[in-house]
Amino acid sequence: FEVIKGQKPGMVAPLDKADGMLVTTKELDYLEEGRLIKMIPIKLNLQSDKKEDFFTK
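The sequence shown begins at 1 in UniProt numbering and counts up one residue at a time.
In structure tokens form, the structure reads like this:
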């Protein structure tokens, strides 16, 4: 995981280079080094019947 420098939260410009997204709750302030996180691949199959939990809490 590499943070794109010069971007502020909510900016979407880097999405064309991204292969996934992280979704967090408002309560999460930071991610500890080495922590397992959930990632949403950009290329989702939106026709799936399987429910996924995408939030890292």
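Beta carbons: idealized from backbone N, C-alpha and C, even for Gly.
Note that the coordinates shown come from a computational prediction; the quantities given were computed from them, not determined experimentally.
Could you tell me the distance, in whole angstroms, from the CA atom of residue i to the CA atom of residue j?
i	j	result
I42	K57	20 Å
G20	M39	6 Å
residue 60	A18	In the structure as shown, the chain starts at 1 and stops at 57, and residue 60 therefore has no counterpart that could be examined.
I37	E52	14 Å
V23	F55	5 Å
Y30	D49	32 Å
T25	R35	16 Å
Check the DSSP bridge columns for residue i and list the partner residues they point to.
i	result
G20	P41
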